[in-house]
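Novice:
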Ligand code: AHM
Ligand code: MG
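Numbering (this note's numbering), first residue to last: 969 to 1303.
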């Protein structure tokens, strides 16, 4: 069977389905090409002198890995000249990056986490890139996009996706009508469709959470996890399995493929800190993908996709995956 490439899929969407604007098609192609280059850099490891940390910290106060900065630069450089974007924002940059005046300005805004789970890089475990695409609000000529223009609800996303750099390099994408997976064929250099209209397998008994934060969880999350740890000796009467990779991309990808639930809930670690993950370039794009695949995604109370953002780097509690499990962890009002 001849498989479809990402380029063919996008052209079909543009030509036949009429659902894909040419600028958005270009944007996805460019992001996918950048992910290919990032994958190449990651795979060089110590031979490419890309492992380890820099002396710098990002806006979140986290030490930057060399590859955080390399991947950030790759995405910026690849995306600024094509005419499809007005501005970009990233986990690794304090504020937004405007497309320089010498290039045409496009209709879209791109947000990304260049390397998600970057503490995994140095120990050769999976990491990923997450991206979210919004429409730039229409502006009068020469007025620049501002940070406030990025503060749109997850529901406003026109596309979202991630790449996983694992045993295979995979790109998972939604344009708002289903979730599709492409695997990088390194010999040919193209993304080849390997799964389409992906749906989360329901009723699977597997959860993902960092147990070392247990003392800071809410009573609902504590009860949910305790029930599952009790397994067949407890009220549920069945055993559960647990996985935690340290990379949200890898954990969420596993849930898309084989079911279960992912939790990085709000916790009581620091006053005013509502979780670890970031809404705009982690919570929102993953919530869009999960919902498109039949799942649910909440912060514990509110559906992530309808949270009104107040800051570019704001954090959010995340509980996503099989809707029955999400409801069991949060109560029925959170969707
Ligand atoms: P990062 O974007 O700085 O790498 O942080 C996000 C990552 C997620 O991918 C992952 O789920 C989580 O942080 C792991 O955190 P912890 O080390 O607390 O388990
Ligand atoms: Mg990250």
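Even glycine gets a Cβ: it sits at the ideal position worked out from N, Cα and C.
To which residues of the same chain is residue 1080 closer than 6 angstroms at the C-beta, ignoring the five residues directly before and after it?
Specialist: Taken in chain order, the residues that qualify are 1043, 1058, 1099, 1249.
Novice: Can you round the beta-carbon distance between residue 1173 and residue 1207 to whole angstroms, since I take them to be within the 8 angstroms contact cut?
Specialist: With 8 angstroms as the limit, residue 1173 and residue 1207 qualify as a contact, their Cβ atoms being about 7 angstroms apart.
Novice: So, for residue 1209: in the same chain, excluding its five sequence neighbours on each side, which residues have a beta-carbon less than 6 angstroms away from its beta-carbon?
Specialist: Hits under 6 angstroms: 1174.
Novice: For a cutoff of 7 angstroms on Cβ pairs, would you count residue 1071 as touching chain B?
Specialist: Looking for chain B here will not work: only one protein chain is present.
Novice: Beta carbon of residue 1134: closer than 6 angstroms to some heavy atom of the ligand AHM?
Specialist: False, no ligand heavy atom lies under 6 angstroms from that Cβ.
Novice: Quick one: is residue 1076 buried, meaning 16 or more other Cβ sit within 10 Å of its Cβ, or exposed?
Specialist: Residue 1076 is buried by the Cβ-count criterion.
Novice: For the ligand AHM, any of its heavy atoms closer than 6 angstroms to the Cβ of residue 1086?
Specialist: True, at least one ligand heavy atom lies under 6 angstroms from that Cβ.
Novice: Identify every run of the beta strand (DSSP E) within the stretch 1173-1232, keeping only runs that are complete inside it and at least 3 residues long; order them along the chain.
Specialist: The qualifying runs are 1174-1176, 1229-1232.
Novice: Determine contact between the stretch 1118-1135 and the stretch 1178-1194, defined as no fewer than three beta-carbon pairs at a distance below 8 angstroms.
Specialist: Taking 8 angstroms as the limit for Cβ pairs, the verdict is that the stretch 1178-1194 does not touch the stretch 1118-1135.
Novice: With the cut-off set at 7 angstroms, would you say residue 1131 and residue 1003 are in Cβ contact?
Specialist: In this structure, residue 1003 lies closer than 7 angstroms to residue 1131 by Cβ.
Novice: Could you tell me the distance, in whole angstroms, from the CA atom of residue 1014 to the CA atom of residue 1061?
Specialist: Rounded to the nearest angstrom, the two C-alpha atoms are 25 angstroms apart.
Novice: So the beta strand (DSSP E) residue 1098 belongs to, where does it begin and stop?
Specialist: Unbroken beta strand (DSSP E) run through residue 1098: 1095-1103.
Novice: Would you check if the stretch 1084-1101 and the stretch 1111-1118 touch, i.e. whether three or more CB-CB distances between them fall below 8 angstroms?
Specialist: With a cut-off of 8 angstroms, the stretch 1084-1101 and the stretch 1111-1118 do not count as touching, because too few Cβ pairs lie within range.
Novice: Pop quiz: residue 1006 and residue 1097 are said to be a contact at Cβ under 8 angstroms. What is the actual Cβ separation, rounded to whole angstroms?
Specialist: Residue 1006 to residue 1097, Cβ: 6 angstroms. Contact.
Novice: Please classify residue 1068 as buried or exposed, where buried requires at least 16 neighbouring CB atoms within 10 angstroms.
Specialist: Looking at its Cβ environment, which holds fewer than 16 other Cβ atoms inside 10 Å, residue 1068 is exposed.
Novice: For residue 1245 versus residue 1232, is the C-beta distance shorter than 7 angstroms?
Specialist: Contact flag set, yes.
Novice: Beta carbon of residue 1021: closer than 6 angstroms to some heavy atom of the ligand AHM?
Specialist: No, since every heavy atom of the ligand AHM falls outside the 6 angstroms radius drawn around the Cβ of residue 1021.
Novice: Let me know the secondary structure DSSP gives residue 1008 once reduced to three states.
Specialist: DSSP places residue 1008 in helix when its eight states are reduced to three.
Novice: When you compare the stretch 1213-1225 with the stretch 1258-1268, are there three or more beta-carbon pairs, one atom per stretch, that lie closer than 8 angstroms?
Specialist: Output reads yes: the stretch 1258-1268 touches the stretch 1213-1225.
Novice: Roughly how many angstroms lie between the CA atoms of residue 1091 and residue 1034, to the nearest whole one?
Specialist: Rounded to whole angstroms, residue 1091 to residue 1034 spans 14 angstroms at the Cα level.
Novice: Tell me, please, which residues DSSP counts as bridged to residue 1158.
Specialist: Answer is 1153.
Novice: Beta carbon of residue 1051: closer than 6 angstroms to some heavy atom of the ligand AHM?
Specialist: No, the beta carbon of residue 1051 sits no closer than 6 angstroms to any heavy atom of the ligand AHM.
Novice: For residue 1243 versus residue 1285, is the C-beta distance shorter than 7 angstroms?
Specialist: Yes, Cβ-Cβ distance for residue 1243 and residue 1285 is below 7 angstroms.
Novice: Applying the criterion that 16 or more other CB atoms from any shown protein chain within 10 Å of the CB defines a buried residue, is residue 1302 buried or exposed?
Specialist: Confidence at residue 1302 is low in this model, with a pLDDT of 47, below 50, so the placement of that residue should be treated as unreliable; the coordinate-derived value is given next. Residue 1302 is buried by the Cβ-count criterion.
Novice: So, for residue 1001: in the same chain, excluding its five sequence neighbours on each side, which residues have a beta-carbon less than 8 angstroms away from its beta-carbon?
Specialist: Only 1046 meet the Cβ criterion.
Novice: If you reduce the DSSP assignment to three classes, tell me which class residue 1044 lands in.
Specialist: Helix.
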